[in-house]
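A.B. asks: Just remember that our numbering sits 1 ahead of the position in the sequence shown, which is counted from 1.
We put the CB at the ideal spot given by N, CA and C, even for glycine.
Note that the structure is predicted; figures quoted are calculated from it, not measured.
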Amino acid sequence: MSEWWRQAVVYQVYVRSFADSDGDGVGDLPGITSRLPYLRDLGVDAVWITPFYRSPQHDHGYDVADYVDVDPLFGTLADADALVARAHELGLRVIVDLVPNHTSSDHAWFRAALAAEPGSPERARYLFRTGRGADASEPPNNWRSVFGGPAWTRVGDTDQWYLHLFDSTQPDLDWRNPEVPAMFADVLRFWLDREVDGFRVDVAHGLLKEEDLRDQTGQEVSSDTFDVGGLAEDAPMWDQPEVHDVYRQWHAILAEYDGDRMAVAEAWTRTVESNAAYVRPDELHQAFNFDWVMAPWSATAYADVIERTLPALAAVGGTPTWVLSNHDVQRHATRYGGGAVGRARARAATLLSLTLPGSAYLYQGEELGLEDVDVTPEHRQDPSWFRTGEPGRDGCRVPIPWAGDRAPYGFGPGAAQPWIPQPEGWAALSVEAQQSDDGSTLAFYRRALALRREWLGGAGDEVSVSVHDDVLTVRRGDVTLAVNCGSVAAALPAGEPLLATGPADGGLPPDTAIWVRTG
Ligand code: GLC
């Protein structure tokens, strides 16, 4: 069980918003490369980079027009190679994003499909169907786009429609057509040959749909945070049994390469068991644990997720992942109430995540204690905003502050605001400001990651979990974590204090967690 990813801390870089080398206000690959030493010093093991392939950027790279080239906005293939080489020099692994459920409508395949006749081989790579109603003016079924509105767009005034579970510029591929898996096998090999260590698989639960594309019955579940379907009771478009054949094929491809290459699934499924199915021994290696993202700030809620997750994964020989933030959901400091309380809880929940067996995924800027920004309507860019008028996901995607006292806070050269404007008042949150402050969130993350390596690196997977009066206690190896999710101070756990997320002299205040050494 020595594969590196089993207990890796992985740092998610949202390319557009991490570091801008050329001053166009959008982050890029050379920007990331220049900041890799920062990630090494932070103490992470790997970096996951969101899509940087050729794309018209309607969904900020999750609409890929060419899977084997870099978008000029982000650099060149040579820049990608340089990034991977530099990361490896620094001892960091690189996970790239793979978007197999849909292409961009600018992809050569989709252009060819539109130019070809209904029923042609070109159209058969996607899901074109005849509309309903006498004049075919109704969509072929009742499915809704994850971004709002119908999941179908009509081709001109013909009777043909195409399926898009996301934006209309993201047509879904037909994974029952053998040309599609063949193309993606080549894409995997292209990046594996360029020495990437793994893939994050976008919408991994969506590739196959029930073959007859029947209507969905019942209502979509609504949740407070962004989710990519899969949670509804009847979901003919998600989590179909045949999708696992794809991952068996990919497992075999990854296994042809040395160095423990891996893949992590973004799979929104109804149960921990159906999620664990994606990491059976001959499938993918990890799946994001979205129950952890969805859990409220509550000792019993956390305990419940831990106690459901661990056995489900153990049953398939899988390794859990712990995720609190990413580019699709509100930052956890904001979800937990925002302000000083939200930030304190966020640190505490992070320490809890870092205690648990398995791997932890961090999202850029959480180590700075960033909260979501209230992006004004004229600056919103999320496709779901354009489709529904709901604020969407821009608030967690604002470029991060590196230095200085005004925008762009060292994000890039020049004085212009980046692609989503940064707020005033971020000077104190910049990397530069926090790195010399022992009490900063950044200093806390660095210490926590170093101590995790030291004390939990060889601690094994056994944990004991208990809840008393809103205090969750987790014992693993020689370390005990206690986190106080209640409203009154609690007793400190016995043992030598290793790290606390806030002042904890003589007692454990609300919204605070501590690691003590008990062994
Ligand atoms: C995934 C991505 C999200 C994207 C969607 C469509 O959920 O994380 O950002 O919009 O897939 O590709």
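Just to confirm, does residue 391 get its C-beta within under 7 Å of one of the non-hydrogen atoms of the ligand GLC?
C.D. replies: Answer for residue 391: no, Cβ out of range of the ligand GLC.
A.B. asks: Taking one C-beta from the region 72–83 and one from the region 114–128 each time, how about it: are there three or more such pairs within less than 8 Å?
C.D. replies: In short, these stretches do not touch, since the Cβ pair count stays below three.
A.B. asks: Between the Cα of residue 520 and the Cα atoms of 196, 477 and 78, which residue gives the shortest distance?
C.D. replies: Closest option to residue 520, Cα to Cα, is 477.
A.B. asks: For residue 368, is the classification buried or exposed, using 16 other Cβ atoms within 10 angstroms of its Cβ as the cut-off for buried?
C.D. replies: Burial call: buried.
A.B. asks: Using 8 Å as the Cβ pair cut-off and three pairs as the minimum, do the region 358–377 and the region 27–34 touch?
C.D. replies: Output reads no: the region 27–34 does not touch the region 358–377.
A.B. asks: According to the Cβ coordinates, are residue 121 and residue 170 closer than 8 Å?
C.D. replies: Contact flag unset, no.
A.B. asks: I need the DSSP call for residue 237, collapsed to helix, strand or coil.
C.D. replies: In the structure shown, residue 237 sits in coil (DSSP, three-state: anything other than H, G, I, E or B).
A.B. asks: Flag this pair as touching only if the region 336–350 and the region 308–322 have three or more C-beta atom pairs under 8 Å; answer yes or no.
C.D. replies: Segments in contact, no.
A.B. asks: What I want to know is whether the C-beta of residue 129 ends up closer than 7 Å to one or more non-hydrogen atoms of the ligand GLC.
C.D. replies: Flag unset: Cβ of residue 129 not near the ligand GLC.
A.B. asks: Checking contacts by CB at 8 Å: is residue 129 closer than that to chain B?
C.D. replies: Within the model displayed, chain B is absent; a lone protein chain is all it includes.
A.B. asks: With 16 other CB atoms within 10 Å as the buried threshold, where does residue 489 fall?
C.D. replies: Classification for residue 489: exposed.
A.B. asks: What is the C-beta distance between residue 176 and residue 209, in whole angstroms, given that I count them as a contact (C-beta under 8 Å)?
C.D. replies: With 8 Å as the limit, residue 176 and residue 209 qualify as a contact, their Cβ atoms being about 5 Å apart.
A.B. asks: Could you give the distance in angstroms between the alpha-carbon of residue 391 and the alpha-carbon of residue 385?
C.D. replies: Roughly 7 Å between the two C-alpha positions.
A.B. asks: Using only CA atoms, which one of 160, 278, 68 and 516 lies nearest to residue 312?
C.D. replies: For the residues 160, 278, 68 and 516, the minimum Cα distance to residue 312 belongs to 278.
A.B. asks: Which stretch, first to last residue, makes up the alpha helix (DSSP H) that contains residue 340?
C.D. replies: Residues 340–356.
A.B. asks: Based on the DSSP secondary-structure assignment, which residues constitute the bridge partners of residue 472?
C.D. replies: Residue 472 pairs with 469 and 485.
A.B. asks: Rounded to whole angstroms, what's the CA-CA distance from residue 265 to residue 285? Just pull it up for me.
C.D. replies: Cα to Cα, residue 265 sits roughly 6 Å from residue 285.
A.B. asks: How would you write the range of the alpha helix (DSSP H) that residue 274 sits in, first residue to last?
C.D. replies: That run of the alpha helix (DSSP H) goes 273–277.
A.B. asks: Within the present structure, is the beta-carbon of residue 167 separated from the nearest heavy atom of the ligand GLC by less than 7 Å?
C.D. replies: Because some heavy atom of the ligand GLC lies under 7 Å away, the Cβ of residue 167 counts as near it: yes.
A.B. asks: Which class does residue 532 belong to by DSSP, given the choice of helix, strand or coil?
C.D. replies: Summary: the structure shown does not reach residue 532, with the chain confined to residues 2 through 520, and so no result is reported for it.
A.B. asks: Beta strand (DSSP E) containing residue 363: first to last residue?
C.D. replies: From DSSP, the beta strand (DSSP E) with residue 363 extends over 360–364.
A.B. asks: Just curious, the alpha helix (DSSP H) that residue 507 is in, first and last residue?
C.D. replies: No alpha helix (DSSP H) holds residue 507; DSSP gives it neither H nor E.
A.B. asks: If you compare alpha carbons, which of 294, 288 and 300 is closest to residue 1?
C.D. replies: With the chain running from 2 to 520 in the structure shown, residue 1 is simply not present.
A.B. asks: Please state whether DSSP places residue 307 in a helix, a strand or coil.
C.D. replies: Looking at residue 307 - three-state DSSP - the assignment turns out to be helix.
A.B. asks: Since I believe residue 93 is in contact with residue 43 (beta carbons under 8 Å), could you give me their beta-carbon distance rounded to a whole number of angstroms?
C.D. replies: So it is not a contact: roughly 10 Å between Cβ atoms.
A.B. asks: DSSP three-state label for residue 246, please.
C.D. replies: If DSSP states are grouped into helix, strand and coil, residue 246 belongs with the helices.
A.B. asks: Would residue 262 and residue 49 be called neighbours here (beta carbons separated by less than 8 Å)?
C.D. replies: No, the pair does not count as a contact, with Cβ atoms beyond the cut-off.
A.B. asks: Relative to the ligand GLC, is the shortest distance from any of its heavy atoms to the C-beta of residue 123 smaller than 7 Å?
C.D. replies: The answer is no for residue 123.
A.B. asks: Out of curiosity, what's the CA-to-CA distance linking residue 517 and residue 341?
C.D. replies: Between residue 517 and residue 341, the C-alpha separation is close to 24 Å.
A.B. asks: Comparing alpha-carbon positions, which option in 332, 130, 337 and 72 lies nearest residue 401?
C.D. replies: Per the Cα distances, 332.
A.B. asks: Can you tell which of 118, 283, 168 and 150 has its C-alpha closest to the C-alpha of residue 157?
C.D. replies: Of the listed residues, the one whose Cα sits closest to residue 157 is 118.
A.B. asks: Check for me: the alpha helix (DSSP H) holding residue 191 runs from which residue to which?
C.D. replies: Looking at the DSSP string, the run of the alpha helix (DSSP H) that includes residue 191 is 180–194.
A.B. asks: Can you pull the DSSP bridge partners for residue 33?
C.D. replies: According to DSSP, residue 33 bridges with nothing at all.
A.B. asks: Suppose you measure from the CA of residue 514 to the CA of residue 336; what does that come to, to the nearest Å?
C.D. replies: Their Cα atoms are separated by approximately 18 Å.
A.B. asks: Using CA coordinates, which residue listed in 244, 194 and 408 is at the minimum distance from residue 259?
C.D. replies: Looking at the Cα atoms, 194 is the closest of the given residues.
A.B. asks: Would you mind stating whether residue 399 and residue 362 have Cβ atoms separated by less than 8 Å?
C.D. replies: For residue 399 and residue 362, no; Cβs fall outside 8 Å.
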